[in-house]
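All remarks here apply to the structure that follows.
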Amino acid sequence: MSPRITLATAARVLRQLRGDRRTVAMLMVVPSVLMVLLRYVLNSNPEVFDHIGLQLLGIFPFVTMFLVTSVAMLRERTSGTLERLLTTRLAKLDLLLGYALAFGLAALAQVGIATAITMGWLGLQIVGGVGWAVTLAVASALLGMALGLFVSAFAKTEFQAVQFMPAVVLPQILLCGLLVPRDQMLDVLHWASDVLPLSYVVDGMARAQSTVSASPLGDIAVVAGCILAALGLGAVTLRRRTP
Amino acid sequence: MSSTPAIVVQDLVVDRSRRRVLHGLSCQVPAGQVTGLLGPSGSGKTTLLRCLVGVQRVRSGLVTVAGIPAGDRALRTRVGYVTQAPSVYADLSVRDNLRYFAVLAGSAEAQARVDDTMATVGLANRGGDRVARLSGGEHARVSLACALVGAPDVLVLDEPTVGLDPVLRRDLWHLFHELADHGATVLVSSHVMDEAARCDRLLLLREGRLVADDTPAAIRAATATADLEEAFLRLAEGQEVQS
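Top to bottom, those sequences are chains A and B. Counting from 1, one number per residue, gives the positions in the first sequence under our numbering. Counting from 1001, one number per residue, gives the positions in the second sequence under our numbering.
This is the structure:
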């Protein structure tokens, strides 16, 4: 791999994203609007907002980056550009890291805006510090990106790619501890939630919000491991020679 | 006339979706010439070209480019491939596409060649335009330019002149010969027989088998006709009589 090609690939992906103003606007604005909505839905329970709001701040980047990446990578596969790229000096790692860098930066902007509005305007308190929360949210975005890259190999059309959202993302949202604490679930569901990576984003956010428990470093490490594993799976689907 | 072969294909067998597409094909492509790969659609032209750039899974046989197995890492900066459907980023400008592929080509000269290359394909004043807004022919020329920008030794072009106006087609054929005069090996596929006359050498493909491998003049002489289309018909009928 070459740092120059990785950076050029990241710049190219960001340039493509920037060209699509509507998608950029949605990525940057929608999470903040949803946080405002949630704040007023929970108008009479501000302490519930402190709790759930932060967890949702970790979940939004996962969902949006999953969708954007799965469609972007599917286009790369179906338009023939992926095949063409693989006939050049570009290494698979250049492509994966290029995407990670581009969507990581996009996620940082998204999370920054949503966090600023949620803390500044909506009055969300983060006990353990905003640094942990932003780190977890960006890790969550990268996790969504890596899974999106992987599942794009199993879709032939953009319709199919979008259908992976309810299939891959929604079960994780149901099981991640947002609706019901994970230790109150049936054993089977609890085990399932233990192996699903989004659970650790939400656990980490809960820890960042707690005065008693340890730092969310362990959760971040688990999420980072899952990102690497998903990227590894994604790399397997990038075949230079195809039938 | 006989120069060292740039591309050597030996007993190449390829199956695609359980159908045999190439039946033990052997041929050579000389360096520094324009070789035409002619045949009706479905004859296996694209499959053969995909083998030469190393993106086709093959059942058996050998393909080498400059003495190196096709698809080898060492060949990636030396072989330029233009797919039949244009494979460039429609959501980027012409110049951004060329700049990206220039980075992938890996030489400092490639970056400096971006503007000249746009002029070469007749898109000098369209650099800032998004590819999606161009016509089909212009789109195809961007794809060609992205291969030319790296100045590869071997150019593999899958039907690069389809749908172009006659003036532009003539200009591109001039360009191919100019590149060959400077030592490049140019392999151009086409299903239009009137383009065959423009090649230094012809490979005629039918149903995954080679029916001729010679200069246009020699093929005309062997089949006793001035018309290459007629020559192809006679060769194809001869093949049926034999089999």
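The beta carbon of each residue, even a glycine, is placed where N, CA and C say it ideally should be.
Identify, in the order they occur along the chain, each residue of the same chain with its Cβ nearer than 8 Å to the Cβ of residue i, setting aside the five sequence neighbours on each side.
i: T1117 of chain B; result: L1098, A1145, L1148, V1149
i: S1002 of chain B; result: In this predicted model, S1002 of chain B has a pLDDT of only 48, less than 50, meaning its place in the structure is not dependable enough to derive any value.
i: L38 of chain A; result: F49, I52, G53, L56
i: G112 of chain A; result: V134
i: D1091 of chain B; result: R1130, V1131, A1132
i: R1126 of chain B; result: V1094, M1118, L1134, E1138
What residue does the alpha helix (DSSP H) around residue i start on, and which one ends it?
i: S1190 of chain B; result: Element bounds for S1190 of chain B: not the alpha helix (DSSP H) but the beta strand (DSSP E), 1185-1190.
i: R1130 of chain B; result: Careful: R1130 of chain B lies outside any alpha helix (DSSP H) and carries neither H nor E.
i: Q163 of chain A; result: 158-164
i: D1115 of chain B; result: 1114-1120
i: L1049 of chain B; result: 1045-1052
i: P1216 of chain B; result: 1216-1223
i: V1058 of chain B; result: Counting along the chain, V1058 of chain B falls outside any alpha helix (DSSP H), and DSSP gives it neither H nor E.
i: G225 of chain A; result: 217-236
i: L174 of chain A; result: 170-175
i: V202 of chain A; result: 198-208
i: G1080 of chain B; result: From DSSP, G1080 of chain B is part of no alpha helix (DSSP H) but of the beta strand (DSSP E) over 1079-1082.
i: E83 of chain A; result: 81-85
i: V1149 of chain B; result: Looking at the DSSP string, V1149 of chain B is not in any alpha helix (DSSP H), and its letter there is neither H nor E.
For residue i, verify whether its CB is less than 7 Å away from any heavy atom of the ligand ADP.
i: A109 of chain A; result: No copy of the ligand ADP appears in this structure; indeed no ligand is present at all.
Given residue i, which residues of its chain have a CB within under 7 Å of its CB, disregarding the five upstream and five downstream residues?
i: L233 of chain A; result: F150
i: Q1056 of chain B; result: V1014, T1047, R1050
i: E158 of chain A; result: V71, L74
i: Y1089 of chain B; result: N1097, V1131
i: L1179 of chain B; result: L1155, V1186
i: S152 of chain A; result: S70, M73, L74, R77, A161
Relative to the C-alpha of residue i, which candidate in the options has its C-alpha closest?
i: L105 of chain A; options: A:L124, A:A139, A:T88, A:L95; result: A:A139
i: G131 of chain A; options: A:V188, A:L17, A:P216; result: A:P216
i: A1218 of chain B; options: B:R1073, B:R1206, B:D1200, B:L1233; result: B:D1200
i: M65 of chain A; options: A:Q125, A:F103, A:R75; result: A:F103
i: M1 of chain A; options: A:G123, A:A221, A:T115, A:R89; result: A:R89
i: T237 of chain A; options: A:V168, A:M35, A:L95; result: A:L95
i: G204 of chain A; options: A:L14, A:G98, A:V127; result: A:V127
i: Q1028 of chain B; options: B:H1191, B:A1212, B:G1054, B:A1231; result: B:A1212
i: Q110 of chain A; options: A:A25, A:R207, A:T242; result: A:A25
i: D1153 of chain B; options: B:D1072, B:Y1100, B:R1076; result: B:R1076
i: L1062 of chain B; options: B:V1034, B:V1114, B:D1194, B:V1008; result: B:V1008
i: V1162 of chain B; options: B:T1035, B:H1182, B:R1141, B:A1226; result: B:R1141
i: L122 of chain A; options: A:N45, A:V188, A:V13; result: A:N45
i: L1022 of chain B; options: B:P1069, B:V1058, B:E1159, B:H1177; result: B:V1058
i: V1192 of chain B; options: B:S1017, B:R1169, B:R1209; result: B:R1169
i: A8 of chain A; options: B:F1232, B:D1181, B:E1207, B:Y1100; result: B:Y1100
For residue i, which of helix, strand or coil comes out of DSSP?
i: G1136 of chain B; result: helix
i: L1235 of chain B; result: helix
i: I52 of chain A; result: helix
i: S1143 of chain B; result: helix
i: G104 of chain A; result: helix
i: R15 of chain A; result: helix
i: R1170 of chain B; result: helix
i: V180 of chain A; result: coil
i: M1001 of chain B; result: Because M1001 of chain B sits at a pLDDT of 43, beneath the cut-off of 50, its placement in the model cannot be relied upon, and the following sentence gives the value as read from the coordinates. Coil at M1001 of chain B, not helix or strand.
i: L1098 of chain B; result: helix
i: T6 of chain A; result: helix
i: L1038 of chain B; result: strand
i: Y1089 of chain B; result: coil
i: P1069 of chain B; result: strand
What residue does the beta strand (DSSP E) around residue i start on, and which one ends it?
i: V1156 of chain B; result: 1154-1158
i: H190 of chain A; result: First-last for H190 of chain A: 187-195, but that is the alpha helix (DSSP H), not the beta strand (DSSP E).
i: P1030 of chain B; result: 1019-1030
i: R1201 of chain B; result: 1201-1206
Leaving out the 5 sequence neighbours to the left and right, which residues in its chain are closer than 6 Å to residue i when beta-carbon positions are compared?
i: R1198 of chain B; result: W1173
i: A1110 of chain B; result: A1102, V1149, G1150
i: D92 of chain A; result: In the sequence as displayed, the identity of residue 92 of chain A is Lys instead of Asp. Answer for K92 of chain A: A235, L238, listed in chain order.
i: L1164 of chain B; result: G1137
When we look at the beta-carbon of residue i and count the other beta-carbons within 10 Å, is it buried (16 or more) or exposed?
i: E1229 of chain B; result: exposed
i: G1067 of chain B; result: exposed
i: P1040 of chain B; result: exposed
i: S193 of chain A; result: buried
i: Q184 of chain A; result: exposed
i: Q125 of chain A; result: exposed
i: D1194 of chain B; result: exposed
i: E47 of chain A; result: exposed
i: P31 of chain A; result: buried
i: A100 of chain A; result: buried
i: V169 of chain A; result: buried
i: K1045 of chain B; result: buried
i: S1060 of chain B; result: exposed
i: L142 of chain A; result: buried
i: V195 of chain A; result: exposed
When you check each C-beta in the region 1039-1060 of chain B against every C-beta of chain D, which residues fall closer than 9 Å? Checking the listed chains, one finds no chain D in this structure; the protein chains it contains are A and B.
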